[in-house]
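In the UniProt record's numbering, the protein residues as written are 1 to 264.
Here a beta-carbon is modelled for each residue, glycine too, at the ideal position from N, C-alpha and C.
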DNA sequence: AACACGGTCAACCGCCGGAGC
DNA sequence: AGCTCCGGCGGTTGACCGTGT
């Protein structure tokens, strides 16, 4: 904000006072796209210097990754993507870039924004902390199964299979020593709206599952706990009354439940 | 019409770790 | 070993826009 000019971590080149900040212009975008097409998307400081853009390398990198990259996907987060975000966040927490690797074309920034503006809003509405076990369980036990139902309701059988493979879950965090190898290749030079390709969660880790596979039918008829889905009645609020108690108060008022139904 | 408010999202920041010298 | 540079990450900010009063 205020003291942009002198960052003690940065070398104090005399051009520092000349560095541009703020929104990018179309002209800057065009210059950056041109340079990246020639030099590749690495060596950002070199690109920033030699392109004549009065931007930092970091700023160039961010602009490219979040906006100019040809395979960046725009538009609303789909139900399937919502499911993936909830699922992967339950595994990894705020590892946005890692989560983004499994949502082709989506950026870590976009997922982070989605989480903060949509998911945290739900927590706020329920007056519980987004990082609380209560909220996490609510996501797993209520919202994710609901999402699957909605995905099924709107989908072809092929997509149902996709969803089923999505929730075939190792139940374990990814081995940090095992670099992520998303099962898709970037779709360069195809402007968005390519067929969405999800990476089955079963492929997330080479060190696979200790827990039983979770199938779509499991989800439809049950709730997830730490070790798998448990059967639960599907008919209504009354069935949920063991899930959302804070200090003896059941957070699942009719109002909040239907509010959430509308949101997801 | 003007203002307040809340949601969204692009772009920034500081921090950290790896590479190279 | 220690330093510098750079890229990547997660957290935060603020401009913008739509909606309500």
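How would you call residue 59, buried or exposed, if buried means at least 16 neighbouring beta carbons within 10 angstroms?
buried
Rounded to a whole number of angstroms, what is the C-alpha to C-alpha distance between residue 56 and residue 36?
15 Å
In the DSSP assignment, the alpha helix (DSSP H) including residue 152 goes from what residue to what residue?
144–154
Is it right to say residue 100 is buried, meaning 16 or more other beta carbons lie within 10 angstroms of its own, or is it exposed?
buried
From 112, 84, 81 and 105, residue whose alpha carbon lies closest to that of residue 296
Examination of residue 296 is not possible in this model, given that the chain is present from 1 through 264 alone.
Below 8 Å between beta carbons: does that hold for residue 65 and residue 107?
yes
Minimum C-alpha distance to residue 88 - residue among 63, 52, 77 and 103:
103
Touch test, the region 130–150 against the region 79–86, Cβ-Cβ under 8 Å, three pairs minimum
yes
Residue range of the unbroken alpha helix (DSSP H) whose run includes residue 114
108–114
Rounded distance between the beta-carbons of residue 20 and residue 54, thought under 8 Å
4 Å
With residue 123 as the anchor, note down where its alpha helix (DSSP H) starts and where it stops.
120–125
Measuring alpha carbon to alpha carbon, tell me which of 133, 52 and 34 ends up nearest residue 90.
133
Rounded separation between residue 151 and residue 105 - CA only:
20 Å
For my contact list, residue 119 and residue 130 are in at a C-beta cut-off of 8 Å; report their separation, rounded to the angstrom.
7 Å
Once the 5 residues before and after residue 33 are set aside, which same chain residues still bring their CB inside 6 Å of it?
68
So, residue 47 versus residue 39, is the Cβ gap smaller than 8 Å?
yes
Straight-line CA distance for residue 18 to residue 77?
38 Å
By the 10 Å Cβ neighbour count, where 16 or more other Cβ atoms means buried, how is residue 27 classified, buried or exposed?
exposed
Coil, strand or helix - residue 49 by DSSP
helix
Quick one, are the C-beta atoms of residue 123 and residue 135 less than 8 Å apart?
yes
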